[in-house]
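Visitor: Dumping the structure here so I can ask a few things about it.
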C-alpha cells in the first residue's frame, strides 16, 4: 500500500505501474476468464457484431474478464468497480467503454467497501477480515447508473461482487433492464446452498432460465431466447 501511494504521487511512475498491471501475465490462450466462461459468452453472441455489456465488479480489463473478447469484437460497455485503481486500468486498456468507480447495490448513497489491496478480486462491500482497509464509495442502483449515462439497451450483464450479487438482483427493475444474458457468480454449488437456490429462483421468477454453470459462474438466458441460444452454443 505504501508503494502504491508513493507511485501515485508521480504521474509517470503511476502510469508505468498501471501498464504493468494491465499486461503482466496476460493470458496468451483462447480465453481471458478464469474458467473460459468468455468462450461460452462469445458463442451465445456469435451472431452479434456489436452490442452493449455491463460488467459489475469488473476487476480487470483483460485478466479474468468475461467481456474483453466482446470489446475486441467491437462491442461497447460499462465497467463498474469499487476499486479506483481497477478503473484506472480500464481507462487505459478500454477507452471506448464507460468506466466508473462506484458500487452497485440495493440502495443509492454513500457507503464503504473493504479493501485487501487496490486491485483484488476479494475486495467487497462485505467485511471478511480485520486487516482490510475501509474505503468510502458511492453506491447506485443499477437502473440509476444506466439512466445517468443515458443507456437504454443492454445485451449482457455480468455480476461478480463477492457476496452481494443477490442484493443487486433483487434491486433490478426487470421490466426496464432485461438483457439476453446474465452471468452471475456463485462460489458454492451445494444443492442445498441457500444463496445459489435463491438466485436461481429469483431469476426464474423474472423469466430467466439457468442454461449452464462454468466454474463459479451461472448463465441465465431470457426464457423466450433459450431455444435459439441452445442452437448457438451447440458444439
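In the numbering used here, the protein residues as written are 27 to 261. We treat Cβ as the ideally placed atom computed from N, Cα and C, and that holds for glycine.
Between the Cα of residue 245 and those of 97, 67, 58, 56, spot the shortest distance and give me the residue it belongs to.
Guide: By one-based count along the chain shown, residue 245 stands at place 219. Checked all of 97, 67, 58, 56; the closest Cα to residue 245 is 67.
Visitor: Measuring CB to CB, does residue 182 end up less than 8 Å from residue 77?
Guide: By one-based count along the chain shown, residue 182 stands at place 156. By one-based count along the chain shown, residue 77 stands at place 51. For residue 182 and residue 77, yes; Cβs fall inside 8 Å.
Visitor: Which ranges does the alpha helix (DSSP H) cover as unbroken runs of at least 4 residues, wholly within the stretch 131-218, from first to last along the chain?
Guide: Fully enclosed alpha helix (DSSP H) runs of 4 or longer: 168-174, 191-197.
Visitor: Contact check, residue 168 vs residue 198 under 8 Å by CB: the rounded distance?
Guide: Along the chain shown, one-based indexing puts residue 168 at 142. Along the chain shown, one-based indexing puts residue 198 at 172. Confirmed, Cβ separation roughly 6 Å.
Visitor: Hey, could you find the ends of the beta strand (DSSP E) residue 246 is sitting in?
Guide: On the chain shown, residue 246 is found 220 positions in, with the first residue counted as 1. Per DSSP, residue 246 belongs to the beta strand (DSSP E) from 243-248.
Visitor: Taking 8 Å as the cut-off, decide whether the C-beta atoms of residue 81 and residue 184 are in contact.
Guide: The residue labelled residue 81 in the question sits at position 55 within the chain shown. The residue labelled residue 184 in the question sits at position 158 within the chain shown. Going by C-beta atoms, residue 81 is nearer than 8 Å to residue 184.
Visitor: How many whole angstroms separate the CB atoms of residue 87 and residue 120, which I take to be in contact at a CB cut-off of 8 Å?
Guide: Taking the chain shown and counting its residues from 1, the one referred to as residue 87 is at position 61. Taking the chain shown and counting its residues from 1, the one referred to as residue 120 is at position 94. Indeed they touch by this definition, with Cβ atoms about 5 Å apart.
Visitor: To the nearest angstrom, report how far apart residue 255 and residue 113 are at their CA atoms.
Guide: Position 229 of the chain shown, counted from the start, is the residue given in the question as residue 255. Position 87 of the chain shown, counted from the start, is the residue given in the question as residue 113. Roughly 32 Å between the two C-alpha positions.
Visitor: Measuring CA to CA, which of 124, 160, 232 is closest to residue 207?
Guide: On the chain shown, position 181 is the one that residue 207 refers to. Selected option, being the one with the closest Cα: 232.
Visitor: Report buried or exposed for residue 186, applying the criterion of at least 16 other Cβ atoms within 10 angstroms of its Cβ.
Guide: In the chain shown, the residue the question calls residue 186 occupies position 160. Buried, since its Cβ has 16 or more Cβ neighbours within 10 Å.
Visitor: According to DSSP, is residue 253 helix, strand or coil?
Guide: Walking along the chain shown from the start, residue 253 turns up at place 227. Residue state, collapsed to three classes: helix.
Visitor: If you run the structure through DSSP and keep just helix, strand and coil, what is residue 85?
Guide: Here residue 85 refers to the residue found at position 59 when the chain shown is read from its first residue. DSSP places residue 85 in coil when its eight states are reduced to three.
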